[in-house]
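Shown next, in C-alpha cells, is the structure this report addresses.
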Amino acid sequence: MSLPQFVFYTLGGAVCLMLFIAVTELLRPGYLPGTLLDGLSAVVNVYLKYQYPIKHRDGTRDLASVPYRWPNGQGDTGKFLFGAENSTRWEKEYGSVYRIWAGMKPEVVLTRHQQISAVFADSDKHTKAPANDSGAYMDRLLGQCVGLISGADWRRVRSIVGAPFGYHAVVASSEQIERRVSGYLERLSRPGGRLAEHGVLHPAEDMKMLPFWAVCDMFYGPLPPRLVQELVELAPLREKVFRYVIYGGLTRFSWARWLPTEANRELRMFQKRWSAFNDEAHAHAVNQGHLSAPISAYYDAVQSGEITKDQLLQTLDESLYANLDVTTGGLSWNLVFLAANPATQSRLRAEAQQVLQGGNGSVKAYVSSDSTYLAACVLESSRLKPLAAFSVPQAAPTAREVDGYVIPATTPFIVDSYALNIRSETWAPDNTIHRPDRFLSHRGAGMRYKFWRFGFGPRQCMGKYMADLIIRHTILRIVLEYELGWLDKEVWSHNKESWITHPDFELRCTKREMTT
Numbered sequence: 001m002s003l004p005q006f007v008f009y010t011l012g013g014a015v016c017l018m019l020f021i022a023v024t025e026l027l028r029p030g031y032l033p034g035t036l037l038d039g040l041s042a043v044v045n046v047y048l049k050y051q052y053p054i055k056h057r058d059g060t061r062d063l064a065s066v067p068y069r070w071p072n073g074q075g076d077t078g079k080f081l082f083g084a085e086n087s088t089r090w091e092k093e094y095g096s097v098y099r100i101w102a103g104m105k106p107e108v109v110l111t112r113h114q115q116i117s118a119v120f121a122d123s124d125k126h127t128k129a130p131a132n133d134s135g136a137y138m139d140r141l142l143g144q145c146v147g148l149i150s151g152a153d154w155r156r157v158r159s160i161v162g163a164p165f166g167y168h169a170v171v172a173s174s175e176q177i178e179r180r181v182s183g184y185l186e187r188l189s190r191p192g193g194r195l196a197e198h199g200v201l202h203p204a205e206d207m208k209m210l211p212f213w214a215v216c217d218m219f220y221g222p223l224p225p226r227l228v229q230e231l232v233e234l235a236p237l238r239e240k241v242f243r244y245v246i247y248g249g250l251t252r253f254s255w256a257r258w259l260p261t262e263a264n265r266e267l268r269m270f271q272k273r274w275s276a277f278n279d280e281a282h283a284h285a286v287n288q289g290h291l292s293a294p295i296s297a298y299y300d301a302v303q304s305g306e307i308t309k310d311q312l313l314q315t316l317d318e319s320l321y322a323n324l325d326v327t328t329g330g331l332s333w334n335l336v337f338l339a340a341n342p343a344t345q346s347r348l349r350a351e352a353q354q355v356l357q358g359g360n361g362s363v364k365a366y367v368s369s370d371s372t373y374l375a376a377c378v379l380e381s382s383r384l385k386p387l388a389a390f391s392v393p394q395a396a397p398t399a400r401e402v403d404g405y406v407i408p409a410t411t412p413f414i415v416d417s418y419a420l421n422i423r424s425e426t427w428a429p430d431n432t433i434h435r436p437d438r439f440l441s442h443r444g445a446g447m448r449y450k451f452w453r454f455g456f457g458p459r460q461c462m463g464k465y466m467a468d469l470i471i472r473h474t475i476l477r478i479v480l481e482y483e484l485g486w487l488d489k490e491v492w493s494h495n496k497e498s499w500i501t502h503p504d505f506e507l508r509c510t511k512r513e514m515t516t
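Under the numbering used here, the first residue of the sequence shown carries the number 1, and numbering increases by one thereafter.
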C-alpha cells in the first residue's frame, strides 16, 4: 500500500468513526463511552475555532472559549437549566468576555455594563438569532413568532399583534386584570386546597396559571368552558414539547423532522390542536359579537395577507405558553422575598393600605406607577432572581470591539444577567441583599445598561407592561389579605426541570383580617 493510499484510508476510517460516534450519540444518548465523545468533541472544537476566529486587536490572542461538547455545545441546558451555576464558573474560568457554543453557533457572553453599552448602542439595528440558536425543532415551534424574527418582518408583525401590549392599552385593562387576580385567589383559597386547609402556598405551582389566564382574557375575551378546558389540556403537552427544545440533541437537526420520533409526533399534535383552538376561539368571538377582542383583528390580518397564519399562531403561543414560565418566575420569587423579609412585607402592606383609602381609581394609578415601593420590590426581586441566566442572542450588523477583542459582524451576543444584576459593582456593597430602596434612588437612563430584565432598546419584551401589571396586582392582593412567611427554615431550592428559574418549595401563607 502506497503512502497516499494509507493516508486516504486512515482519514476515511477516522471520518467514518466520528460519524458513527456522532449519530450514535444522537440516537442513543449516553450509550457510548465518554472517551469517544470527548474525542469527537475535541475535533469539532478545533474546527469551530478555526471557522469562527475572534482575535484581540494585537493579533496574538484568541478570545477564550468554553470547549465545544457534541451535540449541543453548551446549548440551552448550559445556558438555562444550569445557567446560574455556569454564570459564575464560566466567568471565573474564561474572564469577563468569552464565547460559548449553541449547537455549532458561536455566542459571545458579555458580563459588564461597559461592554453592553458598546455593543447595544444601536440595538434597533440588531437581529435576533434564528430560532434562538436552539435548532430546527425550535424553528418549527416558534421560529416565526414576533420575538424571534427581525427586520421588516418584525416591524410588520409587531405593528399588528403589539397593540394590546402597549402601555396605555395595558393600563386601560387594569380593572380586568384585577378581577382575574381576585377570582383566581378566591378559587385558590376554596376549602380542600392546601392554602385553605394548611395555610400553605407553593409560589410557582399554585400561581402558575394566573398570568396565563390574564393574557388569555386579553387575547380572546370570554371563552366557553370547552375551549377553556382545551387550553388546560394543551398546557402539559406544550411543556413537554418545549422540553425537547431545551435538551436538544437530535431535535437540533433539520433532517430529524422526518424520523418517527415521539418529539415529532407530539409537536405535530400540539400544532394541530393549537391551530384548531384558535380557529374556534376566533369563530366564538365573532359569533358572540366580541369584535373588540384582538383575536378578531389578528385573523383579519391573516386573511388580508399582512401576516401569515404561522406568525400569528406562534406569536400567540409565545405570549401564552412560552411566556407562562417567564411571568410565573417573576411573580413567584416576589412572594418568596416578601416571606423572607417581614419588614419589607409590612412596609409594602402599609403603603398599599394607604392607597386603598383612595378607592379603585387610586389602585389603578398605584399599580401603574413606577415610583412606588411596590414597583421597587418587583424590580429588586427580578434583580436578585433574573428570569434566565443568559439573554436571548442577538447580533450587531457591524464588528464590535469588546475589551480589545474584535467581534465580527453578525456574531450573536448574550448578556450574563447574574453578572450584570448581582455581581456588578453597580450594586455594591450589598449586592446579594434584598433592598428594594435601591430602586427608589436608581432609576432612569443611568440604569439603562446596568440592569437586565426585559432586554435593551426597541426589541424589549412585548409583554413587559402586562407582566408588571399582573405581578403588581397579585402582590397587592396577597399582602393585603395574607401574611407570608417560611414554613420551617429557609431553603431556596429551584425547579431544575424549568428553563426559567422557579422556586420549588412551599411558603406559609395565612389569612389575615383586612385593614383599610
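For glycine and all other residues, C-beta sits at the position ideal for the given N, C-alpha and C. Bear in mind that the values here come from a model prediction, so they are computed numbers and not experimental data.
| Check | Outcome |
| --- | --- |
| Per DSSP, cross-strand counterpart(s) of CYS509 | LEU484 |
| Bridge-paired residues (DSSP) for ALA102 | GLY73, LYS105 |
| Sub-8 Å separation of TYR465 and TYR167 beta-carbons | yes |
| Closest by C-alpha distance to ALA84, when choosing among ALA399, SER159, PRO386 | PRO386 |
| Whole-angstrom C-beta distance between ARG477 and SER182, which should lie under 8 Å | 6 Å |
| Exposed unless 16 or more other CB atoms sit within 10 angstroms - verdict on ALA339 | buried |
| Residue(s) in a DSSP beta bridge with ILE407 | ARG400 |
| Whole-angstrom C-beta distance between VAL161 and ILE149, which should lie under 8 Å | Not quite, the Cβ-Cβ distance comes to about 11 Å (not below 8 Å), so this is no contact. |
| Cβ distance (whole Å) where ASP437 is taken to contact ALA376 below 8 Å | 7 Å |
| Whole-angstrom C-beta distance between SER87 and ALA368, which should lie under 8 Å | Note on identity: in this sequence residue 368 is Ser, with Ala being the wrong assignment. Contact flag wrong, Cβ pair sits at about 33 Å. |
| Pick from SER292, TYR94, ALA235 that is closest to PHE219, judged by C-alpha positions | SER292 |
| Reference PRO211, options VAL15, THR327, ALA409, closest by Cα | THR327 |
| Beta-carbon proximity of SER382 to GLY330, cut-off 8 Å | yes |
| Cα-Cα separation between GLU380 and GLY12, rounded to whole angstroms | 57 Å |
| ASP416 (DSSP reduced to helix, strand or coil) | strand |
| GLN144 in three-state terms, based on DSSP | coil |
| Reduced DSSP category for THR501 - H, G, I as helix; E, B as strand; rest coil | coil |
| For PRO130, the nearest candidate out of GLY151, SER117, ALA121 (CA to CA) | GLY151 |
| Cβ-based burial, ASP279 [other Cβ within 10 Å; buried from 16] | exposed |
| Extent of the continuous alpha helix (DSSP H) run through ASP217 | 209 to 220 |
| Helix, strand or coil at LEU48 according to DSSP, with G and I counted as helix | helix |
| Beta-carbon proximity check, ARG180 vs ASP217, cutoff 8 Å | yes |
| CA-to-CA distance, VAL43 to PRO29, given in whole angstroms | 19 Å |
| Three-pair Cβ contact test at 8 Å for the stretch 229 to 246 versus the stretch 192 to 200 | no |
| Three-state secondary structure (DSSP) of GLN353 | helix |
| Rounded straight-line distance, which links the Cα of LYS49 to that of GLY75 | 17 Å |
| The stretch 310 to 317 in contact with the stretch 239 to 255 per 3-pair CB rule at 8 Å | no |
| Local Cβ density within 10 Å of LYS518, reported as buried at 16 or more and exposed below that | Outside the displayed range of the chain (1 to 516) lies residue 518, so it cannot be described from this structure. |
| Own chain, CB closer than 8 Å to SER296, minus 5 neighbours either side, in chain order | HIS282, ALA285, VAL286, HIS290 |
| C-alpha gap between ALA136 and VAL245, whole angstroms | 9 Å |
| Selection from TYR298, ASP206, GLY457 that minimises the alpha carbon distance to TRP333 | ASP206 |
| Same chain, Cβ closer than 6 Å to VAL402, neighbours up to 5 away in sequence not counted | VAL97, GLN115 |
| Rounded straight-line distance, which links the Cα of MET209 to that of PHE277 | 18 Å |
| Nearest residue (CA-CA) to CYS145, options ARG61, MET462, LEU487, ILE470 | MET462 |
| Reference PRO458, options ILE475, ALA121, THR344, closest by Cα | ALA121 |
| PRO33, buried or exposed, once every other Cβ within 10 Å from all chains shown has been counted against 16 | exposed |
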